[in-house]
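In the working numbering, the protein residues as written are 287 to 662. See below for the structure under consideration.
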């Protein structure tokens, strides 16, 4: 809560229910689809900045790309090259939270003069300043009679969100700040991780990468027409690749829930107040549900296979009443970015580069992901 306040991820009880009820319409499919052009255009800009034969840390590139998309779709804010104040501040905050998960993390938090604590406070102030400034600017537009549009950025939509029938009024600046910060933190690194692991898997499985190229060519041919949201339903194999990638490397590798009453399940008694940890990484590799669980096999995701899977045997975005509210946004973004980038570039993992998991808040590659680019 030190950064996110009472956003959807950290709030509980009646307050959480009211906020989710208020925010849910912001993520309706029609509105999410209106952001498709932003996603694709940002990906094209990134692709155009690359050079054939270059070796890049693709994880860093995906972080920059998804952050630019979040800034534009949430705040209507363009990140200027070389002046990524939002990205720098978010990176500092993530380093801080990851450090707290390490041994003696609680002690680190209690020593305010440590450089990492001072750095976090500075980064938090920078983020607050940016978000509150954007809230103020958006409120001015609203006061001048700005009409609600389908492609408004998310902050504009949140500013106008209310439910008179349920007795829920518009959010305060502080509530808006907490929700925007939550979307920032949850909405860019997870998709960046998913795309990074996907490109690593494609590099290690060239026959699957070839099938992806065949699908893209069958839909678009040699035509360089920009991908649109209407193309997404046809990108079936692209979606299967992402589904399988997030099975093997779920962006959020575990989630916790606190038991609110004594409960019995599977012969075990779980007392009130217990913390239950559920790992997507472990469940997704269970051979009971996924034959050859460690194999990267996108073709397993047939309609028949999906229908026979038990609920929550596959849950990269969580589930239940606290499931990820931004899941439709994340799926659309991941499909569009993978297809857009893969039409222009092939990536090959640098053999000498070590790949190791770093399981902290999200599932990152510990040493980044060095890939060699080849222009198509």
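Cβ atoms here follow ideal geometry from the backbone N, Cα and C, with glycine treated the same way.
For residue 299, the enclosing alpha helix (DSSP H) covers residues 299-309. The criterion of a C-beta distance shorter than 7 Å is satisfied by residue 477 and residue 620. Residue 538 carries a coil assignment under DSSP once its states are collapsed to helix, strand and coil.
At a Cβ-Cβ threshold of 7 Å, residue 353 and residue 373 count as neighbours. With contacts defined by Cβ atoms closer than 7 Å, residue 484 and residue 345 do not form a contacting pair. Going by C-alpha positions, residue 332 is about 7 Å away from residue 351. Taking 7 Å as the cut-off, the Cβ atoms of residue 472 and residue 412 do not count as close. With a threshold of 16 other beta carbon atoms within 10 Å, residue 299 falls short and is exposed. With fewer than 16 other Cβ atoms inside 10 Å of its own Cβ, residue 503 counts as exposed. Under the three-state reduction of DSSP output, residue 658 falls in the strand class. Residue 561 sits exposed, since fewer than 16 C-beta atoms from the chains shown fall within 10 Å of its C-beta. Distances from the alpha-carbon of residue 355 to those of 322, 454, 338, 511 put 322 closest. Looking from the CA of residue 492, the closest CA among 555, 527, 513 belongs to 527.
In the DSSP assignment, residue 424 falls outside any beta strand (DSSP E) and within the unbroken alpha helix (DSSP H) covering 401-429. With fewer than 16 neighbouring CB atoms inside 10 Å of its own CB, residue 591 falls in the exposed class. DSSP lists 657 as the beta-bridge partner residues of residue 635. If you look at residue 466, you'll find it in the alpha helix (DSSP H) that goes 459-490.
With a threshold of 16 other beta carbon atoms within 10 Å, residue 600 meets it and is buried. Straight-line measurement puts the Cα of residue 626 at about 40 Å from the Cα of residue 454.
For the 7 Å CB-CB criterion, residue 417 and residue 466 form a contact. Put simply, the segment 623-640 does not touch the segment 300-319. Fewer than three CB pairs are less than 8 Å apart.
Residue 342 sits in a strand when the DSSP states are folded into three classes. Note on geometry: alpha-carbon atoms of residue 636 and residue 558 lie some 49 Å from one another.
A straight-line Cα-Cα distance of about 27 Å links residue 396 and residue 371.
For residue 324, the enclosing alpha helix (DSSP H) has its first and last residue at 322-335. Cβ atoms of residue 571 and residue 291 stay farther apart than 8 Å, at about 35 Å. Taking the C-beta atoms as reference points, residue 480 is found nearer than 7 Å to residue 537. The residue from 347, 296, 383 with its alpha-carbon nearest to that of residue 646 is 383. Rounded to whole angstroms, residue 649 and residue 475 show a C-alpha spacing of 10 Å. By a beta-carbon distance limit of 8 Å, residue 596 does not contact residue 532. Their separation comes to about 18 Å. Per DSSP, residue 317 lies in no beta strand (DSSP E) segment; the continuous alpha helix (DSSP H) that holds it begins and ends at 315-319.
Annotated as proximal: residue 409 and residue 378, with beta-carbon spacing under 7 Å. Residue state for residue 347 is assigned as helix, using DSSP reduced to three classes. Here residue 424 is buried. Its C-beta has 16 or more other C-beta atoms within 10 Å.
Proximity to residue 495 across 363, 460, 585 peaks at 585, based on C-alpha coordinates. Of 567, 582, 553, the smallest CA-CA separation from residue 604 is found for 567.
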